[in-house]
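If you're matching them up, the sequences are chains A and B in order.
Reading the first sequence from the start, the letters are residues 1 to 438 in the numbering used here.
Reading the second sequence from the start, the letters are residues 1001 to 1457 in the numbering used here.
We put the CB at the ideal spot given by N, CA and C, even for glycine.
Just so you know, these numbers come straight off a predicted model, no measurement behind them.
Take a look at the structure below.
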Amino acid sequence: MKIDDIAGKIFDGARAAGAEAEIYYEEYEDRPVEYEDNTLKYLATKIERGIGLRVILNGRLGFSSTSDFGKIDELLQNALESAKYGEKAAFTFPSKCDVADVKTFDDAVAACTTKELVDVGDELIQRLLARHPKIKCTADVDAETSEERIINTSGLDIGHRSTSFGADVAALEVKNDGLLWAGDGYDSAKLDKNVAALADKVATDLDWAKRDTTLKTGTYPAIFAPNTMIMLFTTICDGVNGKLVQKGSSPLSGKIGEQLFDERISIYDDPLLDYGPSSAPHDTEGIRSARTTLVERGVLKSFIYDLQTAGLMGKKPTGNGLRGYDTRPGPGHNNTMILPGDTPVSEMIKGMKRGLFVENVIGAGTCNTLAGDFSVNIGLGYLIENGEVRGRVKNCMIYGNVYELLKNGVASIGDKAEMKESISLPHFLFSGISVAGQ
Amino acid sequence: MFDKMRAALSEGRADYIELRIQESAGTSVGYSGKELESIGRRTKLGGSVRAMVKGGWGFASFNDLSQLPRFVKEACGQARLVSRPKHPGLAPIEHVKRIVKATPKVDPRDIPLDQKHALCERYNKILLAGKNIQTSNVIYRDYAVNEYLLTSDGTELNQETCFCGIMVAAVAKEGSNVQRAYESVGDLQGYQIVEGLDHAAETTARRASELLKAEPPEAGPHTVVIDPKLCGLFIHEAFGHLSEADLICENDDLRKMMRLGRRFGSDKLNVVDFPGVPGEAGSYEYDSEGTPVKKNYLIKNGILSSRLHSRETAAMMNEEPTGNARCISYDYAPIVRMSNTYMEPDTCSFEELLDGVEDGIYAVGSGGGQTDIEMFTFSAEEGFEIKNGKLGKKLRDIVLTGNVFQTLRDIDKIGSDFKTNGGLGGCGKNDQSPLRVSDGGPSVRINNVLIGGRNED
Chain A
1 MKIDDIAGKI FDGARAAGAE AEIYYEEYED RPVEYEDNTL KYLATKIERG
51 IGLRVILNGR LGFSSTSDFG KIDELLQNAL ESAKYGEKAA FTFPSKCDVA
101 DVKTFDDAVA ACTTKELVDV GDELIQRLLA RHPKIKCTAD VDAETSEERI
151 INTSGLDIGH RSTSFGADVA ALEVKNDGLL WAGDGYDSAK LDKNVAALAD
201 KVATDLDWAK RDTTLKTGTY PAIFAPNTMI MLFTTICDGV NGKLVQKGSS
251 PLSGKIGEQL FDERISIYDD PLLDYGPSSA PHDTEGIRSA RTTLVERGVL
301 KSFIYDLQTA GLMGKKPTGN GLRGYDTRPG PGHNNTMILP GDTPVSEMIK
351 GMKRGLFVEN VIGAGTCNTL AGDFSVNIGL GYLIENGEVR GRVKNCMIYG
401 NVYELLKNGV ASIGDKAEMK ESISLPHFLF SGISVAGQ
Chain B
1001 MFDKMRAALS EGRADYIELR IQESAGTSVG YSGKELESIG RRTKLGGSVR
1051 AMVKGGWGFA SFNDLSQLPR FVKEACGQAR LVSRPKHPGL APIEHVKRIV
1101 KATPKVDPRD IPLDQKHALC ERYNKILLAG KNIQTSNVIY RDYAVNEYLL
1151 TSDGTELNQE TCFCGIMVAA VAKEGSNVQR AYESVGDLQG YQIVEGLDHA
1201 AETTARRASE LLKAEPPEAG PHTVVIDPKL CGLFIHEAFG HLSEADLICE
1251 NDDLRKMMRL GRRFGSDKLN VVDFPGVPGE AGSYEYDSEG TPVKKNYLIK
1301 NGILSSRLHS RETAAMMNEE PTGNARCISY DYAPIVRMSN TYMEPDTCSF
1351 EELLDGVEDG IYAVGSGGGQ TDIEMFTFSA EEGFEIKNGK LGKKLRDIVL
1401 TGNVFQTLRD IDKIGSDFKT NGGLGGCGKN DQSPLRVSDG GPSVRINNVL
1451 IGGRNED
């Protein structure tokens, strides 16, 4: 059954019951190729499609979803029943959307063949093995095309297509007394077969970790790589989430306009980055996409909202209503952009008398993240002495508070941002990080 | 359904073909603060084909069941493109033709939405009435999955699973100090487990409030006593993942490191994984490949005695399949996962665990953890100082870390109590998250555990 017919059927039923309705339709085709133990192991094709249905009945919100297109009547009944108890709707379904202009679909990704994906994966692993013949790699390369459509009883009918191309690798070296993992990846809406940089980076991580060193408990200057900085900025992203602000559980509630961070820190939510991993011309509720300034020169400027949260708080929607077909929309981040600074990473390392370089951590998110506390094991990190990498630091923990660090602890900010999981961030050098070590 | 599946299967050509169809329906209710944010029922329908040719795998997942034969051919075609040298095939299993029904004591599907809503509303009111409570969370979830599994070598299984659980959480706030406490139950026993939790909701609100006055621990190595819930998390992160054979089966160095017979801890240390415990969060009778389950001693008397296998990893390591191949849903291939993983109790009383600890920490509850297989973190919900064998002031933000080659050896006393935990969360691996599992054990004393702290302002 085609989605237009399904929508017609649902809307007829909804109107007969006296309700407004909104259909969110999502379909995607993902084609990952997976490697284990340096060789190709899996070729897959994953096709998924589903419908999320929201209704507003007697002023209350209801929701249901299904991927069973033979159960459309049941879908409507479930949504209407849900509306009996639902929250009072603080918005109405928009009737039109003047969509923004942003590139989200690359024909080259859609046309990507299995052979092309395998060639990329083979090259990635071969480059790594050329520098480190004894490692065992798992990797995946994938090309995905997706489409979403939002139709509602107010007359809205919009949608767009996206593509995604990504490559990921994890290299394992078994040493006499332990394991060494190094890995990284990238993704973008655009076809990007340049795995040379990725392979070189992981190979360099393995080089730096050739020797193990120990670190005593104490406070040390530390460079946090983007893969570690994600932990800190995930906390900030949660803090500016309008829903957590509305509930009062965000520590940033009531602090718009305050200088909460170092003045060198500026953060934007940007759905309009051409070919960004999380770009879109409109959000999943049909609100036009726009760039939102979250933090500017250290001053908190805005939170992000979906329609309901914006309505409850009397704010303008920011176009951040995000979801998959089987969940309700909630405030979500598009591409989160942290502006780079002016210090090359090589300079941060050269200028370090004795300190840490933390590539990634174990246990992020298991502390009191609301308060911004973190306490994690250094998954991959190095001791730097007199401007040089001395070796890998193991079995140590670093801990602190994100808000304190980003306000008072920033020594310098890297001059190049890297995109990791839809957050674009540079390296940060902190003047003093607490370490629990030997 | 099987007729349609058999017809589609016959169109494929491969060494092994597995066809899986899942229909599922679930109800959830969610309170966030005063607002009922979500309530209602959702359904899903989907399937997948997995095919193997000479050790190379093809996989196709879809929602449109009318195209089964096409996807069978596609998956087989993909498998033929991948070929891995010297692959031993899949370990043989007993092929079963059975219907397995879910057996909850009170079936959540028989409970009207009204009643589920009223239950959550009541718990939520109790949470919000607590002292210093800023906001609350109540999440109720039940789901039932009806799965059809057909394989080319003779398995024909129709398994039904019914899960039910609830989480209640409270956030206490005083100035800029924000603390959270929660309690979560969830498993296959039935709707009755989510009833009668008024007291648990009260306690949760009180714990959140008391955490406002608690202090973080001093960073550094400590002697730690952990409660059964934290012991479960500990053994899951510290050892469970390392037991998953798909990690080691193709890596000679890891196989040497994880040779059966290697000592990991004292004679008193026994660790089990067993999907066949009735009603637990990680329970099932046949895994996602149709392999019957069995009780598996991962560590017996301190010695590595077994691991978790799929049919493929068992063949590669020349060991018996254990029934630990699981996929979280139809759109993923089965991989090696834990089920119900626990440490067995020994004989020490709680007093004996505290006895002799001059300066240590008693850590309780599970706040989540992570592992890179060698190093792992596990965090507690709260804790207490131990001074000269007695419990002292309350602590918060206790995150512990360990190393699998050292920390298990540092366990020096194992308690006689025992508890297992399920809940609404689960285990994450390769994107398949959260997979329902349970973990558990006794109270345990461990020496020399590194703990992160907090910067004192």
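Reducing DSSP to helix, strand and coil, say where residue i ends up.
i	result
A:Ile-398	strand
B:His-1236	helix
B:Asp-1064	coil
B:Gly-1452	strand
A:Met-419	strand
A:Phe-374	strand
A:Gln-438	coil
B:Cys-1480	No statement about residue 1480 of chain B is possible, as the shown extent of chain B runs from 1001 to 1457 and does not include it.
B:Asp-1457	For B:Asp-1457, the predicted model reports a pLDDT of 41, less than 50, meaning its position is unreliable and no value from the coordinates is stated.
A:Phe-105	coil
B:Ser-1032	strand
A:His-333	coil
B:Arg-1084	coil
Can you confirm whether residue i, when its beta carbon is compared against all beta carbons of chain B, has any partner nearer than 8 Å?
i	result
A:Leu-40	yes
A:Glu-258	no
A:Glu-48	yes
A:Leu-307	no
A:Thr-113	no
A:Cys-137	no
A:Asn-377	yes
A:Glu-87	yes
A:Tyr-28	no
A:Phe-357	no
A:Met-397	yes
A:Leu-179	yes
Compare the C-beta of residue i against all C-beta atoms of chain A and say whether one is closer than 8 Å.
i	result
B:Asn-1448	no
B:Ile-1133	no
B:Glu-1183	no
B:Asn-1318	no
B:Asn-1455	No answer about B:Asn-1455 holds up, because its pLDDT of 49 lies below 50 and its placement is not dependable.
B:Glu-1160	no
B:Phe-1405	yes
B:Thr-1401	yes
B:Ala-1170	no
B:Ala-1091	no
B:Gly-1130	no
B:Val-1178	yes
B:Glu-1374	yes
For chain D, check one thing: does any of its Cβ atoms lie closer than 8 Å to the Cβ of residue i?
i	result
A:Pro-251	Considering every chain present, this structure includes no chain D. Its protein chains are A and B.
Taking residue i as part of the beta strand (DSSP E), name the residues at either end of that continuous run.
i	result
A:Val-202	From DSSP, A:Val-202 is part of no beta strand (DSSP E) but of the alpha helix (DSSP H) over 196-208.
B:Asn-1270	No beta strand (DSSP E) holds B:Asn-1270; DSSP gives it neither H nor E.
A:Ala-79	Note, A:Ala-79: premise wrong, no beta strand (DSSP E); alpha helix (DSSP H) at 72-85.
A:His-160	157-175
On the DSSP letters alone, give me the boundaries of the alpha helix (DSSP H) that residue i sits inside.
i	result
A:Thr-309	307-313
B:Asp-1003	1002-1009
B:Phe-1350	1350-1354
A:Lys-9	3-16
Hey, residue i and residue j are a contact pair by Cβ (cut 8 Å); roughly how many whole angstroms apart?
i	j	result
B:Thr-1347	B:Ser-1416	5 Å
A:Val-393	A:Thr-213	6 Å
B:Thr-1322	B:Asn-1301	Going by Cβ atoms, the distance from B:Thr-1322 to B:Asn-1301 rounds to 19 Å, so no, they are not a contact pair.
With a threshold of 7 Å, establish whether the CB of residue i neighbours any heavy atom of the ligand GTP.
i	result
A:Asp-107	Looking at this structure, you won't find the ligand GTP or any other ligand, since it has none at all.
Meets three-Cβ-pair contact criterion under 8 Å: the stretch 114-126 of chain A and the stretch 149-162 of chain A: The stretch 114-126 of chain A makes no contact with the stretch 149-162 of chain A: fewer than 3 CB pairs, one atom from each, lie closer than 8 Å.
Sufficient close CB pairs (3 or more, under 8 Å) joining the stretch 1329-1342 of chain B to the stretch 1350-1358 of chain B: no
Three CB pairs or more closer than 8 Å across the stretch 417-434 of chain A and the stretch 377-390 of chain A: no
Contact between the stretch 18-35 of chain A and the stretch 134-146 of chain A (3+ Cβ pairs under 8 Å): yes
At least 3 beta-carbon pairs within less than 8 Å: the stretch 1157-1165 of chain B vs the stretch 349-356 of chain A: no
Stretch pair the stretch 1217-1234 of chain B + the stretch 1125-1145 of chain B: three plus CB contacts closer than 8 Å: Because the criterion of three Cβ pairs below 8 Å is not met, the stretch 1217-1234 of chain B and the stretch 1125-1145 of chain B do not touch.
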